[in-house]
Amino acid sequence: PSPPCPRASPRRTGPRAAAKMLHVTAPAALARVIEAAARLARVKINATVDDAAVPTLTAHTGTVTGARATLHYLCGLNPASELMGRTLMEEAQVDSWLELALCEGLLPPPPPPP
């Protein structure tokens, strides 16, 4: 049996201003996906590859863990890129694809709560 998939969607909590410099630590395959998403969103990141690491993004405002949350944050930094969709429905569809990728094992699961 496959593990249950999370149903909660990340929420916007403030303006989507670009951070000064973002640091991402992730396994090699996922680091390449995150770097590609950052290029599409026109966001500069400093990526460190660590195959044993839980995907983590560190910004001057805080830290985000998990592949889905990291990708969601990066794509949301540049609204003009429309990577998160132009409408609420498109944003929900992007979240659906991220959730599907997580459930199908294409993204690593989020870390357990502290």
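The sequence shown begins at -13 in the working numbering and counts up by one.
C-beta: ideal position from N, C-alpha, C; glycine also.
All figures in this text were calculated on a predicted structure; none of them were measured in a lab.
The continuous beta strand (DSSP E) containing residue 9 extends over residues 8 to 12.
Taking 3 residues as the shortest admissible run, the stretch 43 to 81 contains the following complete beta strand (DSSP E) segments, listed from N- to C-terminal end: 48 to 51. With a beta-carbon spacing of about 17 Å, residue 47 and residue 11 fall beyond the 8 Å limit used to define contacts. CA-CA distance, residue 72 to residue 62, rounds to 11 Å. Under the three-state reduction of DSSP output, residue 33 falls in the strand class.
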